[in-house]
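Enquirer: If you scroll down you'll find the structure; I have some questions about it.
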Amino acid sequence: MKHVVVQGLGFVGAVLATVIASLKKKKYLYSVTGLEQNNTQGLEKIKKMNSGIFPIRSTDPKLKKIFNKAKNNKYFFCTNELNCLEKADIIISTINLDIGGDVNEPTVDLDPLKRNFDLISKKMKPDCLLVVETTVPPGTCSEVLIPIIKKNFKKRNIKSKINLVHSFERVMPGKNYVNSITDFWRVFSASNKKSEKKFRGLYSKIVNIKKYPLMQLKSFTESETTKILENTYRAVNIAFMHEWMKFCYNSKLDINEILKCIRIRPTHSNILSPGLGVGGYCLTKDPLFAVYSNKKIFMHDRNNFDFSKRAILINRSMPKFSIKLINEQYKNFKNKKVALFGATYKEDIDDTRFSPSENIAKELINKKANLFIIDPLLKKWNELPKLKILKNIDISKMDMLVFAVKHNKFKKIDFKRIKRNTIIIDANNCLTKNQIRIIKNKKNKFLSITSNRNND
Ligand SMILES: NC(=O)c1ccc[n+]([C@@H]2O[C@H](COP(=O)([O-])OP(=O)(O)OC[C@H]3O[C@@H](n4cnc5c(N)ncnc54)[C@H](O)[C@@H]3O)[C@@H](O)[C@H]2O)c1
4 MKHVVVQGLG
14 FVGAVLATVI
24 ASLKKKKYLY
34 SVTGLEQNNT
44 QGLEKIKKMN
54 SGIFPIRSTD
64 PKLKKIFNKA
74 KNNKYFFCTN
84 ELNCLEKADI
94 IISTINLDIG
104 GDVNEPTVDL
114 DPLKRNFDLI
124 SKKMKPDCLL
134 VVETTVPPGT
144 CSEVLIPIIK
154 KNFKKRNIKS
164 KINLVHSFER
174 VMPGKNYVNS
184 ITDFWRVFSA
194 SNKKSEKKFR
204 GLYSKIVNIK
214 KYPLMQLKSF
224 TESETTKILE
234 NTYRAVNIAF
244 MHEWMKFCYN
254 SKLDINEILK
264 CIRIRPTHSN
274 ILSPGLGVGG
284 YCLTKDPLFA
294 VYSNKKIFMH
304 DRNNFDFSKR
314 AILINRSMPK
324 FSIKLINEQY
334 KNFKNKKVAL
344 FGATYKEDID
354 DTRFSPSENI
364 AKELINKKAN
374 LFIIDPLLKK
384 WNELPKLKIL
394 KNIDISKMDM
404 LVFAVKHNKF
414 KKIDFKRIKR
424 NTIIIDANNC
434 LTKNQIRIIK
444 NKKNKFLSIT
454 SNRNND
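Here it is, written out as structure tokens:
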């Protein structure tokens with residue numbers, strides 16, 4: 004039985020470790036160790052996983068099934084003890100890499116990543132396959148990590164070649180959480196034939212390769228760039244739609260109706276809908292990894308990434324549009340009961356990192372509103388821990404309802420009991436046509452960022 008260590012039990016690692024531990028023919032195929040940091044956050048995740056609680060709340064029904072299957076694998080456990088690295092046949096690193104600084108001079112502290120790969124390469128078996136799944140600035144594997152591993156192999160008098168693969172994640176926590184690992188295209192680049200073979204051996208069991216064949220690129224930097232470019236593409240498109248959303252709003256046009264007519268063209272079928280803003284761990288930082296890589300790893304001075312930088316700035320400013328709309332409703336928010344529906348950065352997940360809702364909540368706190376946060380998936384808002392999270396609320400007692408996240412549960416809210424002067428703001432296309440119809444029949448003030456044509 005081959006031994007796999009999955010390092011980092013965050014949104015990526017927890018589900019990946021679970022999927023691998025659940026792989027079974029007659030017997031389980033892999034023994035799996037989930038390795039976390041020796042800090043409060045890491046130890047909490049270890050404790051949960053080992054006591055049969057998946058650390059991330061998800062609406063994906065498949066997750067429960069697969070986690071139950073993995074729990075029955077008696078060779079699946081989680082730890083903070085590093086000696087598992089010595090026995091591993093495959094180590095998959097899914098740790099985070101954060102970004103700081105401003106848009107023109109982003110800073111990436113590569114030290115924790117370097118220390119981590121220094122430690123791994125001091126401990127790993129010479130023929131162990133090391134898979135980097137962390138999103139990194141292009142050039143990181145070949146210019147930063149390989150030299151570290153080489154140095155340690157030399158010190159350890161290891162003559163064999165380094166078995167390294169870069170294969171970025173496309174996981175989407177939410178209702179298709181598991182499928183986004185198992186039934187989705189996977190790109191990789193390998194240091195040599197042996198590492199390619201080892202990688203294919205494992206990932207052709209993780210991924211449904213009949214439908215989603217593994218896609219190989221020649222260099223690590225191409226694989227790293229693929230991830231950054233695809234996320235930048237999305238970030239730029241979101242920013243682009245924001246521009247048109249503002250135009251449509253100010254001109255009293257319904258952008259949803261306009262987009263419907265554009266999507267009919269096959270070449271334009273995936274045009275995005277505008278929304279409240281961009282959040283999450285990836286789209287907010289990945290475009291800047293290119294800016295960093297360009298300047299600090301490849302030392303180019305000829306690429307400015309003007310588009311990408313502008314997109315990040317526009318995306319950061321997006322929630323201001325909805326905030327303005329909210330602010331215009333009352334001169335004084337003191338004692339106004341405002342319910343903010345949705346704290347996460349996206350629907351049906353429990354991730355609040357860089358959530359646009361945070362901007363709205365902070366504004367309403369500043370305005371001294373009597374604020375209620377409703378989020379069915381969240382227990383605690385890490386960025387605003389003083390706020391209590393409610394599962395639902397009696398809307399008939401509220402002065403204003405702000406819908407910020409398209410959680411499925413919100414689509415079931417019955418507006419029939421709403422009081423006459425409650426103002427409803429849909430800041431993210433959250434409500435169904437039927438809900439909007441009921442609100443309008445009740446003659447309540449309704450504002451939607453996407454269809455000002457119908458706003459009262
Ligand atoms: N969340 C997503 O939807 C998503 C999608 C695609 C790609 N990614 C990328 O995958 C990577 C991980 O993302 P995430 O959302 O899972 O992050 P996360 O912050 O949720 O998880 C990272 C985990 O790694 C742990 N960790 C950090 N250093 C460690 C170390 N030295 N040893 C052991 N554990 C360590 C942290 O404690 C944390 O639990 C990032 O590079 C991210 O950009 C994330």
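Each residue of the sequence shown is one higher than the one before, counting from 4 in the working numbering.
For every residue, glycine included, the Cβ atom is placed at its ideal position computed from N, Cα and C.
(1) If you draw a straight line from the alpha carbon of residue 147 to that of residue 307, how long is it in whole angstroms?
(2) Taking 7 Å as the cut-off, is the C-beta of residue 175 nearer than that to any heavy atom in ligand 1?
(3) Quick one: Cα of residue 272 to Cα of residue 118, how far?
(4) Output the boundary residues of the beta strand (DSSP E) element that contains residue 81.
(5) How about the segment 205–215 and the segment 243–251: do they share at least three Cβ pairs that are nearer than 8 Å?
(6) Under a three-way DSSP split, which group does residue 465 fall into?
(7) Could you please give the first and the last residue of the uninterrupted beta strand (DSSP E) stretch that includes residue 327?
(8) Shortest alpha-carbon distance to residue 31 belongs to which of 61, 451, 76 and 110?
(9) For residue 252, which residues in the same chain have their Cβ closer than 6 Å to its Cβ, ignoring the five residues on either side in sequence?
(10) Just curious, the alpha helix (DSSP H) that residue 53 is in, first and last residue?
(11) Which one or two residues does DSSP pair with residue 104 in a beta bridge?
(12) Would you tell me roughly how many angstroms separate the C-alpha atoms of residue 290 and residue 284, rounded to the nearest one?
(13) What's the C-alpha gap between residue 64 and residue 280?
(14) Identify every residue that forms a DSSP beta bridge with residue 6.
(15) Just the Cα atoms here: how many angstroms apart are residue 446 and residue 256?
(16) For chain B, find out if any of its Cβ atoms is closer than 8 Å to the Cβ of residue 88; answer yes or no.
(17) Going by Cα to Cα distance, which pick from 22, 435 and 430 is closest to residue 327?
(18) Given residue 316, which residues of its chain have a CB within under 7 Å of its CB, disregarding the five upstream and five downstream residues?
(19) From residue 378 to residue 153, what does the alpha carbon distance come to, in whole angstroms?
(20) Who are the near neighbours of residue 459 in its chain, counting only those whose CB is closer than 7 Å to its CB and skipping five residues on each side?
(21) Specify whether the segment 382–390 and the segment 297–314 touch according to this definition: at least 3 beta carbon pairs, one from each stretch, less than 8 Å apart.
(22) Identify which residue in 103, 159 and 138 has its Cα closest to the Cα of residue 122.
(23) Using 8 Å for Cβ pairs, my map puts residue 460 next to residue 21. What's the rounded Cβ distance?
(24) Tell me the DSSP bridge mates of residue 190?
(25) Going straight from the alpha carbon of residue 334 to that of residue 322, what length do you get?
(26) Flag this pair as yes or no: are the beta carbons of residue 164 and residue 124 separated by less than 8 Å?
(27) Determine the contact status of residue 230 and residue 171, defining contact as a CB-CB distance below 8 Å.
(28) Under a three-way DSSP split, which group does residue 125 fall into?
(29) Need the endpoints of the beta strand (DSSP E) that residue 408 sits in, please.
(30) Provide the residue span of the beta strand (DSSP E) that contains residue 207, from first to last.
(31) May I ask you to report which of helix, strand or coil DSSP gives residue 245?
(32) Just the Cα atoms here: how many angstroms apart are residue 39 and residue 128?
(33) Could you tell me whether the Cβ atoms of residue 169 and residue 233 are closer together than 8 Å?
(34) Over the uninterrupted beta strand (DSSP E) stretch that includes residue 289, give me the two end residues.
Expert: In brief:
(1) About 23 Å.
(2) Residue 175 has its Cβ nearer than 7 Å to a heavy atom of ligand 1.
(3) For residue 272 and residue 118, the gap between their C-alpha atoms comes out near 45 Å.
(4) Note, residue 81: beta strand (DSSP E), 79–82.
(5) Taking 8 Å as the limit for Cβ pairs, the verdict is that the segment 243–251 does not touch the segment 205–215.
(6) What the structure shows of the chain is the stretch from 4 to 459, and residue 465 is not part of that stretch, so it cannot be assessed.
(7) Residue 327 -> not in any beta strand (DSSP E); alpha helix (DSSP H) instead, spanning 309–330.
(8) The residue with the shortest Cα to Cα distance from residue 31 is 76.
(9) 455, listed in sequence order.
(10) Per DSSP, residue 53 belongs to the alpha helix (DSSP H) from 43–53.
(11) Per DSSP, 109.
(12) Looking at the backbone, the Cα of residue 290 and that of residue 284 are separated by about 12 Å.
(13) The straight-line gap from Cα to Cα measures roughly 28 Å.
(14) Answer by DSSP bridge pairing, in chain order: 34.
(15) Roughly 21 Å separates the two Cα atoms.
(16) Absent from the structure: chain B. Only one protein chain is present.
(17) Proximity to residue 327 across 22, 435 and 430 peaks at 430, based on C-alpha coordinates.
(18) Shown here for residue 316: same chain residues with a beta carbon closer than 7 Å to its own, the five before and five after excluded, namely 106 in chain order.
(19) Each residue's Cα considered, the two are about 48 Å apart.
(20) With a pLDDT of 49 at residue 459, under the threshold of 50, the modelled position of this residue cannot be trusted; read the value that follows with caution. Counting only Cβ-Cβ distances below 7 Å, and skipping sequence neighbours, we find 448 and 449.
(21) No, the segment 382–390 does not touch the segment 297–314.
(22) Selected option, being the one with the closest Cα: 159.
(23) For the chain, the structure presents residues 4 to 459; residue 460 sits outside this window and is missing.
(24) As a beta-bridge residue in DSSP terms, residue 190 pairs with 218.
(25) Near 20 Å, if we compare the C-alpha coordinates of residue 322 and residue 334.
(26) Not in contact: residue 164 and residue 124 (Cβ atoms no closer than 8 Å).
(27) Yes, Cβ-Cβ distance for residue 230 and residue 171 is below 8 Å.
(28) Residue state, collapsed to three classes: helix.
(29) That residue, residue 408, is in no beta strand (DSSP E); it is neither H nor E in DSSP.
(30) Careful: residue 207 lies outside any beta strand (DSSP E), inside the alpha helix (DSSP H) at 196–209.
(31) DSSP places residue 245 in helix when its eight states are reduced to three.
(32) Straight-line Cα distance between these residues: approximately 20 Å.
(33) Contact: no.
(34) That residue, residue 289, is in no beta strand (DSSP E); its alpha helix (DSSP H) goes 289–295.
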